[in-house]
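Remarks on the structure that follows.
Numbering (this note's numbering), first residue to last: 1 to 226.
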């Protein structure tokens with residue numbers, strides 16, 4: 001099952017994108033994980049651990065089989081556009097392959113994906129939203145939004161993150177620093193915690209979901225490399 005929530009984040013992560021700071025570390029350049037002009041960003045350190053710890057860890061054997069939670073907050077991110085990672089047919093393929101039930105959680109009460117592939121659950125309260133993520137096997141990026149706190153939250157709850165690669169150097173497609181991903185701050189972390197997958201690659205999409213479902217992770221609060 002995939003859930004998508006539009007609930008407002010209680011975390012500081014969505015307040016600022018990491019960049020260069022003259023307050024915390026004047027000699028350290030955070031621009032590699034900023035997705036915008038570095039001079040317009042301000043580094044603001046934060047930790048998701050205290051709030052994450054309010055949600056008890058759900059053992060993997062007790063989480064919902066096959067549930068993959070989609071990290072997005074708008075249905076408008078799914079139609080064709082440069083930063084859309086996966087077309088609807090990919091989700092239908094996953095339903096056939098993994099018997100998954102893909103759910104949307106947004107205020108727009110409408111079906112998406114055709115043939116009942118996705119069902120909109122409507123807006124969830126924060127606590128219910130976090131519980132749903134905690135019960136999920138994987139957090140799936142769909143291309144937008146960028147620089148969200150949710151991948152860190154999912155990792156802290158024991159769910160690996162699938163991070164779409166949206167643009168890359170054709171001469172070095174597997175070089176992390178030459179990629180643009182949905183969440184650049186995690187593009188250098190690797191399996192089993194973060195799975196970086198090229199957009200529009202159905203084989204890679206399905207294979208990565210299978211590998212993430214088969215490789216559970218412990219509760220983790222990663223350090224983002226810069």
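By construction, the Cβ of each residue, glycine as well, lies at the ideal position given by its N, Cα and C atoms.
- Per DSSP, residue 86 has no beta bridge partner at all.
- In this structure residue 137 is in contact with residue 63, their Cβ atoms being roughly 6 Å apart against a cut-off of 8 Å.
- 205 is the residue among 216, 215, 211 and 205 whose C-alpha sits nearest the C-alpha of residue 93.
- The DSSP-derived three-state label of residue 68 is strand.
- By the 16-neighbour rule on beta-carbons within 10 angstroms, residue 182 is buried.
- Put simply, of 98, 90 and 128 the residue whose alpha carbon is nearest the alpha carbon of residue 56 is 128.
- Looking at the backbone, the Cα of residue 211 and that of residue 195 are separated by about 9 Å.
- Residue pairing from DSSP places residue 198 in a beta bridge opposite 165.
- Residue 140: member of the beta strand (DSSP E) spanning 138-141, first to last residue.
- Less than 7 Å divides the Cβ of residue 222 from the Cβ of residue 155.
- The beta-carbon separation of residue 133 and residue 165, rounded to 23 Å, does not stay under the 8 Å limit for a contact.
- The beta carbon of residue 186 is closer than 6 Å to those of 151, 163 and 194 in its chain, skipping five residues each way along the sequence.
- Take the alpha-carbon of residue 184 and the one of residue 61: they are about 31 Å apart.
- Residue range 179-181 is occupied by the beta strand (DSSP E) that includes residue 179.
- Separation of the CB atoms of residue 77 and residue 130 is rounded to 21 Å, and the pair is thereby denied contact status at 8 Å.
- For residue 189, same chain residues with a beta-carbon under 7 Å away, outside a window of 5 residues either side, are 222 in chain order.
- Residue 221: not part of any alpha helix (DSSP H); DSSP gives it neither H nor E.
- By the criterion of a C-beta distance shorter than 6 Å, residue 98 is surrounded in its chain by 66, once the five residues flanking it on both sides are discounted.
- Sorting 207, 201, 50 and 218 by C-alpha distance to the C-alpha of residue 88 places 201 at the top.
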